[in-house]
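One structure is given below, encoded as structure tokens.
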Amino acid sequence: MQPADFSSHLLAWYKGHKRPMPWRDELDPYKIWVSEIMLQQTRVDQATPYFRNFISLFPTVYDLAKADQQEVLKAWEGLGYYSRARNLHSAAKDLIENCGGKLPEKYDEIIKLKGIGPYTAAAITSIAFNKPNAVVDGNVIRVLTRYFGIEQDTRSSKTRNKVQEFANELIDEKQPGDFNQALMELGSIVCTPSNPDCTNCPVQPGCIASKMAKTDTIPYKSPAKKKPHHIIGVGILEREDGKLLIALRPEDAMLGGLWEFPGGKKKDEEKIQQTVERELKEELDVETKAFEEFMTLKHTYSHFSITLHAWFCKLISGTPKPKSSQEIRWVHRNELEQYPFPKANKVLTERLTKDN
Ligand code: SF4
3 MQPADFSSHL LAWYKGHKRP MPWRDELDPY KIWVSEIMLQ QTRVDQATPY FRNFISLFPT
63 VYDLAKADQQ EVLKAWEGLG YYSRARNLHS AAKDLIENCG GKLPEKYDEI IKLKGIGPYT
123 AAAITSIAFN KPNAVVDGNV IRVLTRYFGI EQDTRSSKTR NKVQEFANEL IDEKQPGDFN
183 QALMELGSIV CTPSNPDCTN CPVQPGCIAS KMAKTDTIPY KSPAKKKPHH IIGVGILERE
243 DGKLLIALRP EDAMLGGLWE FPGGKKKDEE KIQQTVEREL KEELDVETKA FEEFMTLKHT
303 YSHFSITLHA WFCKLISGTP KPKSSQEIRW VHRNELEQYP FPKANKVLTE RLTKDN
């Protein structure tokens, strides 16, 4: 199959099979940008309601730029990878201040914006501005390694570069945005990780993995390293007036700009109550007593997992100070929902609000 045939078969299939998505066939570069940032690390079905809500809150780049960071993080709450929201917000301000509110059309310029890497730069410039920049994501890697019979480890950058080269050769210069979306769509609904539907695949006549019955072994990905697991103790410090203490995480830390109950990692020799009391001493400069377990939950992040133990605490002495956070606040349980929290802490706030 020649590149032109690959492209024409793929585009014809896409026309009849593309799934409706709120950002699909969108012409506004701002909305395409938001959708592409949300789709980094997030599935379409998860991103869809967030996209609709985000666009209703911030319909233009101007609305986003003038919003408070806390509003932006609140709209992102539960979607994870919060640096995406912080970078999007910061890049929107940058565009208003330096580019008249317009996204640059060129790959080399758009990639300079915060939060835009090679994949996102190629996706936005091809979809919004019709530039022939090929995208390579997990779906594209699966389709092209199978199509070209590439058996090397897809974790290696050498293999990814090879896939990028093939994608660059295949891309349809006249319809690059549709071509990129079609290839990703094919990977999502036809060339699936297990049991790909080769008989209904538009590029099957040229596919090596299908012909050689190797779709079970291509793509090959070497086993991932085991994620470390941490045990975390957090304190829910309650004042006599019923208000609870929450802390704003440092801007440059993981989950920066989100609120949390203070706490941290358990040391081997500690009991979990001791962890909570020590962490509150270190983070707030107060003596506390962890007197009752509230709840335990498990959560997995991209590079590690945690078991989080939350304890109710009372103040023994001292006045809390934000020693390792940007700010601390005392808030009523029914005010917690106004603040953006990361997922594990959100479970705690929802339970605390329900128990109110
Ligand atoms: Fe994937 Fe099968 Fe199509 Fe090859 S023929 S690209 S393995 S669905």
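Residue numbers (the working numbering): 3 to 358.
Quick reminder that beta carbons are idealized off the backbone N, C-alpha and C, glycines included.
> Between the Cα of histidine 19 and the Cα atoms of Ser190, Lys133, Asp174 and Val165, which residue gives the shortest distance?
Replying inline: Ser190
> Distance, Cα to Cα, aspartate 47 vs serine 319?
Replying inline: The straight-line gap from Cα to Cα measures roughly 49 Å.
> proline 198: beta carbon under 8 Å from a heavy atom of the ligand SF4?
Replying inline: yes
> Sorted by chain position, which residues of the same chain lie with C-beta nearer than 8 Å to arginine 86's C-beta, five sequence neighbours on each side aside?
Replying inline: Ile39, Met40, Gln42, Gln43, Trp78 and Gly117
> From phenylalanine 131 to leucine 354, what does the alpha carbon distance come to, in whole angstroms?
Replying inline: 48 Å
> With 16 other CB atoms within 10 Å as the buried threshold, where does phenylalanine 8 fall?
Replying inline: Buried is the call here.
> Can threonine 217 be considered in contact with the ligand SF4, in the sense that its beta carbon sits closer than 8 Å to one or more heavy atoms?
Replying inline: yes
> Buried or exposed: where does aspartate 174 fall if 16 or more other Cβ atoms within 10 Å of its Cβ makes it buried?
Replying inline: buried
>> Output needed for leucine 59: all residues of its chain with C-beta closer than 6 Å, excluding positions within five of it in sequence on either side, in chain order.
In response: Cβ-Cβ distances below 6 Å link leucine 59 to Ala77 in the same chain, with the five nearest sequence neighbours on each side left out; the list follows chain order.
> In angstroms, rounded to a whole number, what distance separates the CA positions of threonine 277 and lysine 227?
Replying inline: 28 Å
>> Which same chain residues end up closer than 6 Å to threonine 156 when comparing Cβ atoms and leaving out the 5 residues on each side of it in sequence?
In response: Listed in chain order, the non-local C-beta contacts of threonine 156 below 6 Å within the same chain comprise Ile143, Pro221 and Lys223, local neighbours out to five positions each way being set aside.
> Excluding the five sequence neighbours on either side, which residues of its own chain have a C-beta within less than 6 Å of the C-beta of isoleucine 308, listed in chain order?
Replying inline: His232, Ile234 and His301
> Would the beta-carbon of leucine 13 be found less than 8 Å away from any heavy atom of the ligand SF4?
Replying inline: no
>> Which same chain residues end up closer than 6 Å to histidine 311 when comparing Cβ atoms and leaving out the 5 residues on each side of it in sequence?
In response: Gly235, Ile274 and Thr298
> Which runs of the beta strand (DSSP E), 3 residues or longer, sit entirely within the stretch 23–73?
Replying inline: none
> Going by DSSP, which residues form a beta bridge with isoleucine 289?
Replying inline: A small correction: the amino acid at residue 289 is glutamate; isoleucine does not occupy that position in the sequence shown. BP columns for glutamate 289 point to Ser319.
> Looking at the structure shown, is arginine 21 part of a helix, part of a strand, or coil, going by DSSP?
Replying inline: coil
>> Between the alpha carbons of valine 138 and phenylalanine 181, how many angstroms are there, rounded?
In response: 12 Å
> Who pairs with histidine 311 in a beta bridge, going by DSSP?
Replying inline: Gly235 and Thr298
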